[in-house]
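In full-length UniProt numbering, the protein residues as written are 1 to 80. Ideal placement from N, C-alpha and C gives every residue a C-beta, glycine not left out. Since the structure is predicted, the reported quantities are computational estimates derived from the model, not experimental observations. A quick write-up on the structure given underneath.
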């Protein structure tokens, strides 16, 4: 008699066949966390100095003047 009430379940025991699954779960971004820069202060300064030298050597006036102290002083005086 108990054979009549056996449920033919394809899921393994312990599986929640009624559990709700989010189909887009794999597309979600990772949880945000702090990521430290792998660049040391020395490397960052070298890169900054290299960029600054390139800007000073640049033929474009507005780029090379941004590090010219005399120009900056005159510009600040005008803008005051």
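Have a look at residue 54 and residue 43 and give me their C-alpha separation to the nearest angstrom.
-> Per the coordinates, the alpha-carbon of residue 54 lies some 17 Å from the alpha-carbon of residue 43.
Cβ neighbours of residue 73 in the same chain (closer than 7 Å, five flanking residues each side left out) | None.
Residue 69 versus residue 51 - alpha carbon distance | Each residue's Cα considered, the two are about 17 Å apart.
Under the three-state DSSP convention, the category residue 21 falls into | When DSSP states are grouped into helix, strand and coil, residue 21 belongs to the coil group.
Can you list the alpha helix (DSSP H) stretches of 4 or more residues lying completely in the UniProt region "Disordered" (29-59), in chain order?
-> Within the UniProt region "Disordered" (29-59), the complete alpha helix (DSSP H) runs of at least 4 residues are 41-56.
Is the Cβ-Cβ distance between residue 71 and residue 65 less than 8 Å?
-> Taking 8 Å as the Cβ cut-off, residue 71 and residue 65 qualify as a contacting pair.
Inspect the beta-carbon positions of residue 56 and residue 67 and report whether they are closer than 8 Å.
-> Taking 8 Å as the cut-off, the Cβ atoms of residue 56 and residue 67 count as close.
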